[in-house]
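Worksheet: the structure to be examined is printed underneath.
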Amino acid sequence: MVKTVHVFPHTHWDREWYFTTSRSKVYLLKDLMHVIDNLQHNTGYDRFILDGQASLIEDYLKWRPQDKNVIKQLVADKKLIIGPWYTQTDQFVISGESIVRNLQYGMDVCNKLGTYMNVGYVPDSFGQESSMPQIYKGFGIPDTMFWRGVSEENVDHTEFVWKGEDGSKVNVYQIPSGYYIGGVIDETQLDKIMHQEPFASIVKRSTTSHIAFPNGFDQAPARKDLPELIKKLNNANKDFHFEVSSIQEYIDAVKSEKPELEEVSGEFTNGKNMRIHKSIYSSRSDLKKLNTKIQYYLVNILEPVLTMGEHYGVDYPREAVNDIWKLMFENAAHDSIGSCVSDTTNEDVYMRYKQVRDISTNLVEVTLREIATQIKKNKKYEISLSVFNTLPVDRTEITKVSFYAPSQDFEIVDENGQLVDFSIESCEDQTEYIAGQTIQLNPGEKIYKPEKIYKVVASVFAKNVPAMGYKQLYINENEKKNEVIKAVNDRVLENDNFKIAIQDNGSLTITDKASGKVYENQAVLEENGDDGDSFNYSPAKKDLVVYSTDQTNTISVTKSDLVSLAKVDYDFSVPENLDDRAEKNCNAKMPVSVEIRLEKDSPIIKFNVKIDNREPLDHRLCIDFATGISSKVSYADQQFGTIKRPVYREKEMKSWAANKENWNEKPISIETCQSFVALSNNENTVSVFPKGVREYEIIGKDYSTIRLTLFRTYGMMGKVDLLYRPGRASGEKVIATPNAELQSKLNFELGLSITNKNFDNSNVAFKATDYDTPEQYYEYADFLNGRLIFNMDSVDRTLDENGSILHTSGNLILSTLKKADHRSGYIARFYNGYGDKAIDDQIVFNKKPNRVELVDLKEDTIKELPIADNTVKLNDITHAKIKTIYFEY
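With the working numbering applied, the sequence shown corresponds to residues 643 to 1531, in that order.
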C-alpha cells in the first residue's frame, strides 16, 4: 500500500532568542516577502504555515501595510496559514489566563485577515500542560500537534487521544522527531529517506497510511525549489507519494481512515527523545519573579478593579488592557519566558515587564481614585482611607499599608466611628515635601492642610470588607498613643493558629495549635553549585552543599498585638565559583536575611528572604520545609485546578538508568506550580506559596521535605555535557550571559500554611489566591491633590460608604473578572481548585443583570442561565473544570 507523505512548508520563527526581536523582525520582513512571492507565483508551492503565531503577520503588516489585501486573499485561498496563537507560548511557566488570552488575541488578529488554523499547533513548547485539552475544547479546537514531551515510553503511536486533568479530550498528532526533520534531509539519498531514521520510526508508529513531513527550520525562508524536490521524491520512492499539504489536510486525511487511537492522560514532560528543560522554571529568577507577580496583579487586581470602576461610572480602558496583554504575550513566547536567551534579549523582556507593571499599577491607582472620590465622606473627618477587595468573598485581614497622617498620634475609624486596629511599623516626617506638592486650581478655596504630615507604614486590620467591593475608613488626629511594633527579647512568634520558636541555628520549630503537632527544621536554606546554563539547572560535578543551620546568625524580634516580626541574619560563606566549590573553599560572602511575619488570626506564615548575591557565581539557593508527611505524590496547582505529581518518577528513572545514552534529559522530579505546592495525608497538609520562582522538588529519604527554589545563577546561554542533560549545548555555547549571575541584592517572598486536615479540607487554593491578592488601599484628602498624584477636579460623592458588585460562596476559585472582549457585558471565569471533590457555588449580584450566560473560552454563548433573587447557581463543578460566565446589565 502506497503511503501518502504530507509535506507542509513552514517556518518555526522565534521572535527572539540569542538575537533580539528587532533583528528577527528585519529578517521576517525579508523572508515573508519571499513566502508571499512563492505562494503567488511559484506553481506547486501553494501552502505555507506561519508557525501558528499571529504576531508574525502583525509584525510584518506594521512595516508593510500595503500587503494586507494580498495576505487576506492568500489566507482566504488557504495558501498562507496563520494562527491560532498570538505567540508560541510556553505552557508551564505562564498562567492559565495568559494562555487563554493569547489564543483569544491570536484568533482576533487572524479573523481580521480571514480565518485561523483550528489546530493547537505548538511545535517547540517545552512540554504539554494538562489543562490544554480543556482549553483547546473551550476554543472549539479538537486537535493538537506538538513535538516535545511524549516518547514511545508513554504511547505506541504518534496519533492518540489526550485526556486532560479535567477529563476533556483532544486528538494528538505528534511530530515525534521535531518540526525541522523535513527541512534537513540528505538529498543524495532521496530513495532511502523514508527507510532511514527518524522517518523509519515515524512510519512504523503511524496509525494510518498518512505521514507528516514538516519542511522548515528555525527562522528558515521558504524553499523555492520545493515543487521540484517533491517530484524527485516521488520519482525515487515507489512506496510513498509526496504532496504539498497542510497540517489540517494531514489531520483530515488521518481521520478519514478512522484509526483506533490510544488514550493517554496528564501532562507531558518526558525528555527521552527531546529536551524538555524542566528546570527552566528558575532561569533568570529575577525575571521569573516579575512574571509571577505581574501575572497575578493583572487578573487578581487590575481587571477586577477596572470592572468595579465601570460599575461606578469609570470608563473601562479596553485598548490599554489589550496593549498590556500583548506585551505579556511577547514575553510568554517559549524562549522569552524560559529566559534561555541572550542578555540583550533579556533586557527587552525586562523592559516589557516594566511597561506592563507601570501601566497596570497606574491604571489601578487612577481607577481607585475615581471610585474613592465618589464615596460619601463623613464630614467629621478630612482624610479617607478606602479599602478595596477584589475577591468575591468578604474579607477580614491585616494589610501592610503606606499612607499619610496629620500626626504621629492618630486613629483609624470605620463608617460607624468604630476604631480600626493598626500597628505602626515606621513613621517619617514629610511635611515640607508633601505640603509643597499640593495644587489648587482655585487658590482662594479653603482646603484642609494639616500643620504636620507624616508618611506612615502600618499594618491595618480591616474587618468585613465587602466582596468585590470597598469599605470606607477614615484617619483622624487623636491624642491617643498609637500601637507601635517594638523590639522584644524572646524568640517566639504566636497567633491563634501557630507558635513559632526560632532556634539557635536559625531554623524554625512550628507548632500547629489545632493539632498540637510540632514541625521542626523549618525554613532551612540550602545552597549548592549550578553547573547548568540558561536552559537547565544541573548540579556541579564536584558539588558542595551549604546549609543555613551551619552559618553564624543574629536574631531579632519585634511585636505588636497585630503583628509579630522576626529577622534571622546569616553570615553565609559559600564558594565563589565552581572551582572553589570543587575544592570545598567557601571564600565568598553571601549575607542572607530571612524575615518571618505572623499576623493576628492569619492561617499563613509569611517570609521574605533577602540575599546579597554580589560575590558568588554559578550556584543555587533553596528553602526547605520538612513536613513529616511521607508521600508518593505532591499537590500543586496547574493553570486551572490542582494536579497530583509523583515525587519520584520511578518508571522513567529506571529506564534512564538502564539506557542513559538514549535519553536527552535525566527524568528529574523538579516541577513547577502556579501558586502553591503541598504535601498532604489524611491528617495534615503543609502548603508553600511562592511569589517569585515557582519551582519545587520533594526530597528526603521518605520524600517529605518541600524544597522551593529561590534563585539560581549561571554564566552561559548553553553548555555541553551537563549531569542532567548530557551531550550538545541546547543554546549557543559561545554566548556568555553574565547578567544571569544575578550579582545584586535579591529578595523573594513566600508563604507557608499548615493544617490538621487533608488537602481538600484545607482550602489550599483559596489561601493561595488570598495571599496573592492583597487588599488595595486608597487614601484621599484635599492636600494630597497635586503633583504627587496628579491634580483632578472634585466630583460629587454619591456612593455609599460600603459597596459590592457581586459575591460568591467562595467554593470556586475566581480566575478573572473583566470586560467581555466583543460584547458590552462582563466575563467572570471560575475553576475548581480542589484535589478531588466536585463542588457547587453561586454568584449573587448586587444589581440584577439583564442576562447571564454560560459561555466558552471564545466568549460565545453555550446557554442562558436562570437568575433567581439576583443569584445564579453553579452546580456540580468537577475536578479542575473551568466555568466562564457572561453577564450584562
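Heads up, the beta-carbon is just placed ideally off N, CA and C, and yes, glycines get one too. Owing to the predicted nature of the structure, the values given are computational and were not obtained by experimental measurement.
State the DSSP-derived secondary structure class of residue i, mapped to helix, strand or coil.
i, result
"Thr662", "coil"
"Ser1297", "helix"
"Asp1222", "helix"
"Asn1433", "coil"
"Asn1410", "Rather than Asn, the amino acid found at residue 1410 in this sequence is Ala. Note: Ala1410 maps to helix in three-state DSSP."
"Arg1037", "strand"
"Trp655", "coil"
"Ser1176", "coil"
"Val1062", "coil"
"Trp705", "helix"
"Asn1163", "strand"
"Ser767", "coil"
"Pro1508", "coil"
"Cys1069", "strand"
"Glu1417", "coil"
"Asn1147", "coil"
"Thr1191", "helix"
"Asn1517", "strand"
"Gln715", "helix"
"Arg1493", "strand"
"Leu875", "helix"
"Val1335", "coil"
"Lys834", "coil"
"Asp732", "coil"
Compare the Cα-Cα distances from residue i to each of the options and report the closest residue.
i, options, result
"Ala864", "Asp1051, Glu1093, Met675", "Met675"
"Thr1213", "Val1234, Tyr1189, Val1251", "Per the sequence shown, the amino acid found at residue 1213 is Asp instead of Thr. The option with the nearest alpha carbon to Asp1213 is Val1234."
"Gln1418", "Leu1115, Val1160, Asp1063", "Leu1115"
"Tyr763", "Lys1308, Asp732, Asn1124, Glu1087", "Asp732"
"Ala1410", "Pro775, Ser666, Asp1279, Gly1078", "Asp1279"
"Thr646", "Ile691, Asn1444, His852, Asp719", "His852"
"Asp1051", "Glu1121, Asp1424, Phe859", "Glu1121"
"Gly1393", "Gly1059, Gly1373, Leu1350", "Leu1350"
"Lys1091", "Asp1132, Ile1054, Glu1024", "Glu1024"
"Phe1390", "Tyr778, Val1251, Ile678", "Val1251"
"Ser1395", "Ile1144, Leu698, Val1406", "Val1406"
"Asn879", "Asp1502, Asp860, Gln838, Ile1312", "Gln838"
"Phe781", "Ala1230, Asn744, Asp894", "Asn744"
"Leu1507", "Lys1515, Lys1500, Glu1501", "Lys1515"
"Gly1059", "Arg1429, Ile1117, Glu899, Lys1201", "Ile1117"
"Val998", "Lys1021, Asn964, Asp977, Phe768", "Asn964"
For residue i, which beta-bridge partners are listed by DSSP?
i, result
"Ile1348", "Phe1267, Ile1340"
"Ile1054", "Ile1117"
"Trp1552", "There is no way to answer for residue 1552, as the model of the chain reaches only from 643 to 1531."
"Ala1182", "None; Ala1182 has no bridge partner."
"Asp1279", "Thr1284"
"His1464", "Paired residues: none, contrary to the question."
"Tyr1356", "Per DSSP, none; premise fails for Tyr1356."
"Lys1209", "Ser1198, Glu1237"
Considering only residues of the same chain and omitting the five flanking positions on each side of residue i, which have a CB-CB separation below 8 Å?
i, result
"Glu739", "Gln937, Leu940, Val941, Ser1457, Thr1458, Arg1471"
"Ser981", "Ile922, Ser925, Arg926, Leu929, Lys930, Asn988, Val991, Ser1176, Ala1382"
"Leu1204", "Ile1040, Asp1063, Phe1064, Ser1065, Ser1101, Phe1103, Glu1125, Glu1241, Lys1242"
Ordered along the chain, which non-local residues of its own chain (more than five positions away) have a Cβ less than 7 Å from that of residue i?
i, result
"Gln1385", "Asn1255, Arg1256"
"Val649", "Gly824, Phe855, Asn857, Ile872, Phe884, Glu885, Val886, Ser887"
"Leu722", "Leu681, Phe690, Leu692, Ile713, Leu716"
"Thr1153", "Phe1140, Lys1141, Val1160"
"Arg917", "Asn1306, Glu1307, Arg1367, Ser1372"
Tell me whether residue i counts as near the ligand COA, meaning its Cβ is closer than 7 Å to at least one heavy atom of that ligand.
i, result
"Val886", "Of the ligands one can find in the structure shown there are none, so the ligand COA has no counterpart to examine."
Starting from the C-beta of residue i, find all residues in its chain whose C-beta is less than 6 Å away, skip the five residues before and the five after it, and write them out in chain order.
i, result
"Val1210", "Gly1148, Asn1195, Ile1197, Val1236"
"Val1187", "Asn1170"
"Cys752", "Ala696, Ile724, Gly725, Tyr758"
"Arg1262", "Asn1170, Asp1172, Arg1354"
"Ser1044", "Val1099"
"Gly686", "Pro869"
"Ser1404", "Thr1327, Thr1397"
"Thr1520", "Ala1480"
"Leu875", "Leu832, Phe884"
Continuous alpha helix (DSSP H) assignments of at least 4 residues falling wholly in the segment 948-1005: Fully enclosed alpha helix (DSSP H) runs of 4 or longer: 960-974, 976-980.
Quick one: complete beta strand (DSSP E) runs, 3+ long, within the segment 737-796? For the segment 737-796, the full-length beta strand (DSSP E) segments reaching 3 residues or more read 762-764, 785-788 along the chain.
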